[in-house]
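Quick notes on the structure that follows.
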Amino acid sequence: MLIILLAGILGICAAIGFDVYVPGYLSSYIAIVIISAVDSALCALKSMFEDKINVYNLATDFFVNTALALIMVFLGKKIELDLNYAVLVVFTLRIFKNVSVIKSALIKKMQKN
Amino acid sequence: MKLKTKVQIIVAVICFVFCFTVTLQYKSVTRNNTIKISKSSSDNELETKLLNANQQVVDLKKENMQLTSDIDIYRQQVASNDSGAAALKEELDKYITLSGFTNVKGPGITIEVTDSKQAQADTDYSSELIVHDSDIRSLVNELFGAGAEAVSVNGERIIVNTSIRCVGNTIMINNKRCSSPYIVKAIGDKDALDSALNMRGGIADELKRSTIDVNVTKSDKIQIGKYTGTVTFSYAQDYEKQVK
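Line by line, the protein sequences are chains A and B. Per the numbering used here, the very first residue in the first sequence carries number 9; after that it's consecutive. Per the numbering used here, the very first residue in the second sequence carries number 47; after that it's consecutive.
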């Protein structure tokens, strides 16, 4: 768990250090990357409480999901259909589901002790 | 490496990306804050700004008219007090008239140029069938060439530094938008003006070939308004010597 916290703080420091800004037209893409990252992080955390862990699945999960989400946002902008809201809904649903699974697994662990 | 550790590393990497992107996005959003106003308030802001600007224009125009009439009164007073000044005033009046700053009347012609009716039937404006700025320019050129002393297009007096430019599918004359139908008035020898336009292969022929409506009427009582803008020279200075 410590390494996760460390990586997070490193990320914040890196962004503050870097004098790069996101231009206006790219902001919706970066936002989708954020949500996709939360979703795949929670998916990976959920997998820790399961029996069958496929590491490769988790590793590629993030990149594939983010790529797909970016493609959908891009297409949505081209066909004037706000697909980024649809992608957002799907990711949020998964976040909620994963959080509840993690919560019940943690509660089961606590009850065992 | 234990499986759990591997998963933790993956989560750590994702967490790094997440925190990095969130901070980046937060920085950028707070920086672009002026652009990211909610839609409704920016519409209102623009509306009030536009109304204020329009009101300013109206007020300034009123002030301009008041000041011009004041100047006229002063000129009259000066001329009536001093005979030398009267001669100067006459010369001044002559140049004011020549340069287009007074309303004028006299014989001449009126030309009405309208976009082709076929262009209105098509949904995409075929550029062949509408009146271009170049057409208006050629028309004005022909009129001056045939001896016109005053020319106006849709009420805009053509003076020495009048520009006739294309803006989308309208034309900007004296930095004011004009659109079809274009009413061109010219004061001069009405027969000379009329024949200069209607000669074979002339401008009227060319325009009619693109099915643009051209209506020329001669008259003895053409009235042309004065130039309503301001002219200031900030670069050109008086030069006494001969210019080759």
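Even for Gly, the Cβ is constructed at its ideal location relative to N, Cα and C. Being a predicted model, the structure only gives us computed values, none of them experimental.
Does any C-beta atom of chain B lie closer than 8 angstroms to the C-beta of residue i?
i        : result
Ile103/A : no
Phe70/A  : yes
Tyr168/A : Outside the shown range of chain A (9 to 121) lies residue 168/A, about which nothing can therefore be said.
Leu18/A  : yes
Gly32/A  : yes
Ser55/A  : yes
Val98/A  : no
Val81/A  : no
Ser48/A  : yes
Leu66/A  : yes
Tyr93/A  : no
Ala45/A  : yes
Val63/A  : yes
Val109/A : no
Ile12/A  : yes
Met118/A : no
Ala113/A : no
Ile87/A  : no
I need the straight-line Cα distance from residue i to residue j, nearest angstrom please.
i        : j        : result
Val53/A  : Ile56/B  : The identity of residue 53/A in the sequence shown is Leu, whereas the question assumes Val. Their backbone Cα atoms lie some 9 angstroms apart in a straight line.
Lys231/B : Val28/A  : 60 angstroms
Lys52/B  : Val63/A  : 7 angstroms
Leu10/A  : Thr69/B  : 20 angstroms
Ile155/B : Asn187/B : 15 angstroms
Leu13/A  : Phe70/A  : 18 angstroms
Lys85/B  : Val46/A  : Its pLDDT being 49, under 50, Lys85/B is placed unreliably in this model, and the value from its coordinates should be taken loosely. When rounded, the distance between both Cα atoms is 29 angstroms.
Ala282/B : Ile87/A  : 54 angstroms
Leu50/A  : Leu66/A  : 10 angstroms
Val206/B : Ala196/B : 11 angstroms
Arg28/B  : Val98/A  : Since the first and last residues shown for chain B are 47 and 290, residue 28/B lies out of range.
Thr278/B : Leu253/B : 36 angstroms
Gln102/B : Ser145/B : 28 angstroms
Thr148/B : Gln122/B : 16 angstroms
Ser280/B : Glu286/B : 18 angstroms
Asp90/A  : Thr68/A  : 26 angstroms
Lys108/B : Val289/B : 40 angstroms
Val59/B  : Cys65/B  : 10 angstroms
Met118/A : Gln54/B  : 21 angstroms
Val104/B : Gln112/B : 13 angstroms
Tyr120/B : Gly130/B : 16 angstroms
Gly248/B : Ser35/A  : 58 angstroms
Asn200/B : Leu83/A  : 47 angstroms
Thr208/B : Asn100/B : 23 angstroms
Ser265/B : Asn90/B  : 49 angstroms
Val177/B : Asp251/B : 14 angstroms
Lys267/B : Glu93/B  : 43 angstroms
Cys21/A  : Lys73/B  : 12 angstroms
Tyr93/A  : Thr74/A  : 15 angstroms
Asn220/B : Val213/B : 13 angstroms
Arg255/B : Gln269/B : 30 angstroms
Would residue i pass as a contact of residue j if the rule is Cβ separation under 8 angstroms?
i        : j        : result
Phe62/B  : Ala15/A  : yes
Ser198/B : Gly275/B : no
Ile157/B : Val260/B : yes
Val8/A   : Val81/A  : Residue coverage of chain A in this structure runs from 9 to 121, which leaves residue 8/A outside it and unanswerable.
Ile61/A  : Leu49/B  : yes
Leu239/B : Leu175/B : no
Arg203/B : Tyr141/B : no
Ser162/B : Thr257/B : yes
Asp179/B : Ile217/B : yes
Asn79/B  : Gly32/A  : no
Phe57/A  : Ala113/A : yes
Gln71/B  : Val107/A : no
Thr67/B  : Ile38/A  : yes
So who's on the other strand from residue i, going by DSSP bridges?
i        : result
Ala232/B : Ile155/B and Val197/B
Ile20/A  : Ile20/A is not bridged to any residue.
Met218/B : Arg211/B and Arg223/B
Glu202/B : Val199/B
Ile268/B : Gly152/B
Thr263/B : Thr156/B
Please report whether the beta-carbon of residue i lies at a distance below 8 angstroms from any beta-carbon of chain A.
i        : result
Lys85/B  : Confidence at Lys85/B is low in this model, with a pLDDT of 49, below 50, so its placement is unreliable and the value that follows should be read with caution. Not an interface residue.
Leu70/B  : yes
Cys61/B  : yes
Asn78/B  : yes
Lys48/B  : no
Gln54/B  : yes
Lys287/B : no
Ser162/B : no
Lys108/B : no
Roughly how far, in whole angstroms, is the beta-carbon of residue i from the beta-carbon of residue j, given that I think they are within contact range, below 8 angstroms?
i        : j        : result
Val150/B : Lys135/B : Not a contact, Cβ separation roughly 18 angstroms.
Ile210/B : Arg246/B : At roughly 25 angstroms, the Cβ-Cβ gap does not stay under 8 angstroms, so Ile210/B and Arg246/B are not in contact.
Ser226/B : Thr143/B : Not a contact, Cβ separation roughly 30 angstroms.
Gly191/B : Gly234/B : About 11 angstroms separates the two Cβ atoms, so there is no contact after all.
Lys95/B  : Pro153/B : Going by Cβ atoms, the distance from Lys95/B to Pro153/B rounds to 47 angstroms, so no, they are not a contact pair.
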